[in-house]
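Numbered by the working numbering, the letters in the sequence shown go through residues 82 to 252 in order.
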Amino acid sequence: MSRKRTFTKRQLRDALGMFATGVTIITSSTRDGELLGITANSFNAVSLDPPMVLFSLSREAHSLNKFETSDFFAVNILSTRQRALSDRFARASVDKWKDVAFETGVTGCPMFPGSLARFECYTRFHYDGGDHVIFVGEAFSMMLGDPADPLLYFQGNYRSLTPDVSDLEWS
């Protein structure tokens, strides 16, 4: 059987976009105290015992080397109220931390109030994942936030469980 691909990268990206995901901001801090943060929808549970999660980061990400050398990371699962925060941390060219309210976890990782859930993890492994690096962390601290609608990502756009009234058709 041939292993030749029958699709382009664009077609693959479009097909993967059919899978709805939650939206997170992964944070960390360097040994020098520099704060790191990226928006990621590549977050996933790995194990309940021990409690392990993963996220992947593009090899082209400016902060890749800093995440690779950090011993800890935090995962902030976002609600629909945090869409602007998600947009901010999805960009590389802005001062992400200017005027952003956050708490500092025991590891020094920034954690965002208002998140649906927050995890502090120590980095157990990172693996080659083609054009990404896969980070696996063991959670040692978890906090649940107030109930709210999760921020979702589907077909290249933000979505929510509750439809936007402006999207409804009225007869």
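For each residue, glycine too, the CB sits at the ideal point set by N, CA and C.
What number of angstroms, rounded off, separates the C-alpha of residue i from the C-alpha of residue j?
i, j, result
"Y234", "R172", "16 Å"
"S137", "Y208", "9 Å"
"V181", "F200", "19 Å"
"L135", "S83", "31 Å"
"V156", "A142", "17 Å"
"S196", "T87", "40 Å"
"F124", "Y239", "16 Å"
"K179", "R94", "32 Å"
"S241", "G186", "28 Å"
"K85", "G210", "19 Å"
Below 8 Å CB to CB, which residues in the same chain sit around residue i once its five sequence neighbours on both sides are set aside?
i, result
"V175", "R169"
"L145", "L138, S139, V214"
"Q92", "none"
"V217", "V127, M133, V134, L135, T204, R205, F206, H207, Y208"
Which residues in the same chain have their Cβ closer than 6 Å to the Cβ of residue i, if we skip the five residues on either side of it in sequence?
i, result
"P132", "A220"
"T243", "D230"
"S222", "E201"
"G226", "S196, L197"
"I106", "G118, T120, N157, F170"
"K147", "T111, L117"
"M224", "R199"
Let me check understanding here. Comparing Cα to Cα, which of the options lies closest to residue i?
i, options, result
"E149", "T204, S196, R164", "T204"
"P228", "F193, S160, T185", "S160"
"K177", "Y239, L117, T105, V217", "L117"
"K90", "D212, V217, G226", "D212"
"G189", "I119, T108, A96", "T108"
"L97", "K85, M224, N122, K179", "N122"
"I119", "V187, S241, M192, G186", "M192"
Against chain B, with Cβ distances strictly below 9 Å, would residue i count as a contact?
i, result
"F124", "Here there is only one protein chain, and chain B is not present."
Residues in its own chain within less than 7 Å of residue i by CB, not counting five upstream and five downstream?
i, result
"P194", "A182, E184"
Three Cβ pairs or more, each shorter than 8 Å: is that satisfied between the stretch 226 to 241 and the stretch 99 to 111? The stretch 226 to 241 vs the stretch 99 to 111: in contact.
Count the CB pairs spanning the stretch 151 to 167 and the stretch 105 to 122 that are closer than 8 Å, and state whether there are at least three. yes
Looking at C-beta atoms only, is the number of pairs between the stretch 159 to 167 and the stretch 124 to 131 that lie closer than 8 Å three or more? no
Could you give the uninterrupted runs of the alpha helix (DSSP H) lying entirely in the stretch 197 to 224, keeping only those of 4 residues or more? none
Any chance you could list the alpha helix (DSSP H) runs of at least 4 consecutive residues sitting entirely within the stretch 144 to 169, in chain order? As far as the stretch 144 to 169 is concerned, its whole alpha helix (DSSP H) runs of at least 4 residues are 145 to 150.
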